[in-house]
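Protein chains in written order, with the working numbering: chain A, 1 to 326; chain B, 327 to 650.
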């Protein structure tokens, strides 16, 4: 079942589509460049889950803060990160967000309230809860959002932080992206309950399950949670049921233990195609507009790759910079 | 000059800094009564017993412009927060290209002597010295703890204050006026010419007692309180050993890959210092065991003035490169 269109002007809805499409095209490019040996280490793709980051971040202000996971490109883009500096970071260049120190798993932009992708599962939950505490102490009215997966929901920091945020009524959204697999292990093998959101009851906070492939459903749930957080009523746990299309990481020949029929069924529930169809049905999008959007995104990505390739690598001796702050 | 205990001096440092800077707040599993009374529950926060959560929250709040103090109480309690300390606090500034600072003070009780056994008694600072991105110190006097804590609170990095459980009630002079002690400066607690003892915390006092004893025999011992572990004042330590030609390292931790091993390396890998050694370097450390409960066992595990004295005699009798 599809959610009702939110009370959002059409240009905001098209902006959601543009962001989701940007995430997908960015990662398609990152994956290709990774397999071509231009990007090193690991790349974890968010493709298939774009509606979660975009739906939640559409309910936020620039001054609100988020934290991400090892699968972090989508959250960066949804919060407004610069594609050039993101791509330069993947390429290991001086001009990257982390000056080449972080790579795909560690992109942060504190200037836009993106407190970082984090390579440790559940590693960011406590940090962003501290950002929620900071917002509460400042009285700024800002909220903080923790994105994490179903795997992290079984780790200690999830439970510790839900308890402390509930007790202190911190302005927090805990957004579980339940893509049904913790790396290769199915969630059913590691969760006693079918819904992560049900755990919210144990902490006395609202727990909501939404279709994570329906960007409006995610947006509406996030909007309600943001309102609740800003009003001082405390945190909400939102579980977004979704699916990652690609394997856990981009790697040639990596086995994917998932049932191909399951993957195919979720591909048919493409969050981008769903939004595109709805905009078309409302008469807010046509072929020309769609092509224009695709070509603008392609142009921005070409520019980002060109920027990355033209950027210098760090100097080897810069490996010792920034261990400590002045 | 007035005297305060080690514990009072530490609390005074925190209180003075909190008066000076409204961005400082304090988290621990119990609110400290004198601080709570003055600053209230907003700034002196009693947390659930979740070191991992409030350590991570300190990191997040620091990245958002606050200057949190996270008090783990016993250092052993922070082991449940190791991901937050090692993977997050230590690395996050570097890993994100230095884009923001994370000013955090962590406080932790270390050492033995309390008959509280293995899970409440440990001196694991070398575990943390091994992690790039953390500063840390181990004060031995009320004067030092106050000055070092004030510096740590003003530092823009995560800093760990390892505070000796044995010294909490010891008294010493602390001036009324504002002062700080920079990190990275060792302190010569007693000057001498025949042998250098490099040590920390409670064993500074035991080393001074051993030095006093040996002075009666005409042996002049220099006691160097390393004090700051990261950054480490290698220069003061090397200069002392170049002068005396003999080195004993006394540590309440075990020897394996410890502070004592680091000091031995810092001294012996420096050609000019190595050339002046008249005897092999001697380490006087705790036994490499978990700390046991029974007083008979615990006393046996830790070095004291007698073992330091024996260690000094050993290097006085031994021969090294410079004596050959």
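Heads up, the beta-carbon is just placed ideally off N, CA and C, and yes, glycines get one too.
Quick test of your reading: residue 130 of chain A and residue 478 of chain B, contact by CB under 8 Å. State the CB separation rounded to the nearest angstrom. Along the first chain, one-based indexing puts residue 130 of chain A at 130. Along the second chain, one-based indexing puts residue 478 of chain B at 152. In fact, because the Cβ distance is near 19 Å, the residues do not count as touching under 8 Å.
So with Cβ pairs under 9 Å, would you call residue 167 of chain A a contact of chain B? Position 167 of the first chain, counting from 1, holds the residue named residue 167 of chain A. Interface residue, yes.
Counting only C-beta atoms, is residue 133 of chain A closer than 9 Å to chain B at any point? In the first chain, residue 133 of chain A corresponds to position 133, counting from 1. So yes, residue 133 of chain A belongs to the interface.
How far does the alpha helix (DSSP H) with residue 545 of chain B in it reach, from first residue to last? The count along the second chain starts at 1 and reaches residue 545 of chain B at position 219. Neither: residue 545 of chain B is in no alpha helix (DSSP H) and is coded neither H nor E.
For the beta strand (DSSP E) containing residue 497 of chain B, name the first residue and the last one. In the second chain, counting from the first residue as 1, residue 497 of chain B sits at position 171. That run of the beta strand (DSSP E) goes 497 to 499.
Would residue 368 of chain B pass as an interface residue toward chain A - the criterion being a Cβ-Cβ separation below 9 Å? Locating residue 368 of chain B in the second chain gives position 42, where the first residue counts as 1. Judged by the 9 Å Cβ criterion, residue 368 of chain B is in contact with chain A.
Grouping DSSP H, G and I as helix and E and B as strand, with all else coil, what is residue 8 of chain A? Indexing the first chain from 1 puts residue 8 of chain A at position 8. The answer is coil: DSSP assigns residue 8 of chain A none of H, G, I, E or B.
For the beta strand (DSSP E) that residue 610 of chain B lies in, which residues bound it at each end? Locating residue 610 of chain B in the second chain gives position 284, counting from the first residue. Note, residue 610 of chain B: beta strand (DSSP E), 608 to 611.
With a CB to CB cut of under 8 Å and the five nearest residues on each side skipped, what residues in its chain are close to residue 563 of chain B? As a first step, residue 563 of chain B is located in the second chain; it is residue number 237 there, counting from the start. Closer than 8 Å at the Cβ level, and outside the excluded window around residue 563 of chain B, lie 512, 522, 524, 550, 552, 589, 592 and 593.
Beta-carbon contacts of residue 567 of chain B that lie in its chain and below 6 Å, excluding the five residues immediately before and after: Along the second chain, read from residue 1 onward, the residue named residue 567 of chain B stands at position 241. Here the set comprises 522, 573, 593 and 599.
Give me the chain A residues within the contact set of residue 409 of chain B, using Cβ-Cβ distance strictly less than 7 Å, ordered along the chain. Taking the second chain and counting its residues from 1, the one referred to as residue 409 of chain B is at position 83. Correct list: 120 and 123.
Flag residue 408 of chain B as yes when its Cβ comes closer than 8 Å to any non-hydrogen atom of the ligand GTP, and as no otherwise. This structure lacks the ligand GTP; in fact it carries no ligand of any kind.
Are three or more beta carbon pairs between the stretch 79 to 99 of chain A and the stretch 244 to 257 of chain A nearer than 8 Å? no
Determine the DSSP secondary structure at residue 178 of chain A, reduced to helix, strand or coil. Translated into the one-based positions of the first chain, residue 178 of chain A becomes position 178. Residue 178 of chain A: strand per DSSP, three-state reduction.
On the DSSP bridge assignment, give the partners of residue 448 of chain B in chain order. Within the second chain, the letter at position 122 stands for residue 448 of chain B. Answer is B:437, bridged to residue 448 of chain B.
Span of the beta strand (DSSP E), counted from its first residue to its last, around residue 387 of chain B: In the second chain, the residue the question calls residue 387 of chain B occupies position 61. Residue 387 of chain B -> not in any beta strand (DSSP E); alpha helix (DSSP H) instead, spanning 377 to 389.
Contact defined as beta carbons within less than 8 Å: I believe residue 140 of chain A pairs with residue 63 of chain A. What is the distance between those atoms, to the nearest angstrom? Stepping through the first chain from its first residue, residue 140 of chain A is reached at position 140. Stepping through the first chain from its first residue, residue 63 of chain A is reached at position 63. So it is a contact: roughly 7 Å between Cβ atoms.
Check whether the stretch 195 to 214 of chain A touches the stretch 397 to 414 of chain B, taking contact to mean three or more Cβ pairs, one atom from each stretch, closer than 8 Å. no
Cβ closer than 9 Å: which chain B residues qualify as neighbours of residue 325 of chain A? In the first chain, counting from the first residue as 1, residue 325 of chain A sits at position 325. In chain order: 419, 424, 426, 427, 428, 429, 481, 482 and 483.
Between the alpha carbons of residue 559 of chain B and residue 510 of chain B, how many angstroms are there, rounded? To locate residue 559 of chain B, count along the second chain from 1; it is residue 233. To locate residue 510 of chain B, count along the second chain from 1; it is residue 184. Spanning the two alpha carbons is a distance of roughly 5 Å.
Alpha carbon to alpha carbon, how far is residue 629 of chain B from residue 580 of chain B? Give it in angstroms, no decimals. As a working note, residue 580 of chain B is residue 254 in the second chain. As a working note, residue 629 of chain B is residue 303 in the second chain. The straight-line gap from Cα to Cα measures roughly 10 Å.
Beta-carbon within less than 6 Å of residue 604 of chain B's beta-carbon, same chain only, minus the 5 sequence neighbours each way: which residues are those? Residue mapping note: residue 604 of chain B aligns to position 278 of the second chain, counting from 1. If we look at residue 604 of chain B and ignore the five residues flanking it on each side, its Cβ neighbours are 571, 572, 646, 648 and 649.
What ranges does the beta strand (DSSP E) occupy inside the stretch 549 to 628 of chain B, keeping only unbroken runs of at least 3 residues that lie completely in it? 554 to 556, 573 to 577 and 608 to 611
Quick one: list the residues of chain A neighbouring residue 455 of chain B, beta-carbon separation under 8 Å, in chain order. In the second chain, residue 455 of chain B corresponds to position 129, counting from 1. Going along chain A, no residue has its Cβ under 8 Å from residue 455 of chain B, so there is no contact; the nearest lies around 13 Å.
Contacts of residue 383 of chain B in chain D (Cβ-Cβ under 7 Å): The structure shown contains no chain D; its protein chains are A and B.
Alpha carbon to alpha carbon, how far is residue 390 of chain A from residue 82 of chain A? Residue numbering for chain A in the displayed model covers 1 to 326; residue 390 of chain A lies beyond these limits and cannot be assessed.
Give me the residue from B:625, B:501, B:462 and B:367 with the minimum Cα distance to residue 485 of chain B. Position 159 of the second chain, counted from the first residue, corresponds to residue 485 of chain B. For the residues B:625, B:501, B:462 and B:367, the minimum Cα distance to residue 485 of chain B belongs to B:462.
Any C-beta of chain A within less than 7 Å: which residues of the stretch 481 to 514 of chain B qualify? 482 and 483
Which one of A:219, A:147 and A:120 has the shortest CA to CA distance from residue 408 of chain B? Residue 408 of chain B sits at position 82 when you count from the first residue of the second chain. Checking every option, the nearest Cα to that of residue 408 of chain B belongs to A:120.
Give me the chain B residues within the contact set of residue 106 of chain A, using Cβ-Cβ distance strictly less than 7 Å, ordered along the chain. Here residue 106 of chain A corresponds to residue number 106 of the first chain, with the count starting at 1. What residue 106 of chain A touches in chain B: 421 and 422.
Excluding sequence positions up to five away, which residues of its chain have a Cβ less than 6 Å from the Cβ of residue 466 of chain B? Numbered from 1 along the second chain, position 140 holds the residue referred to as residue 466 of chain B. Here the set comprises 527, 530 and 551.
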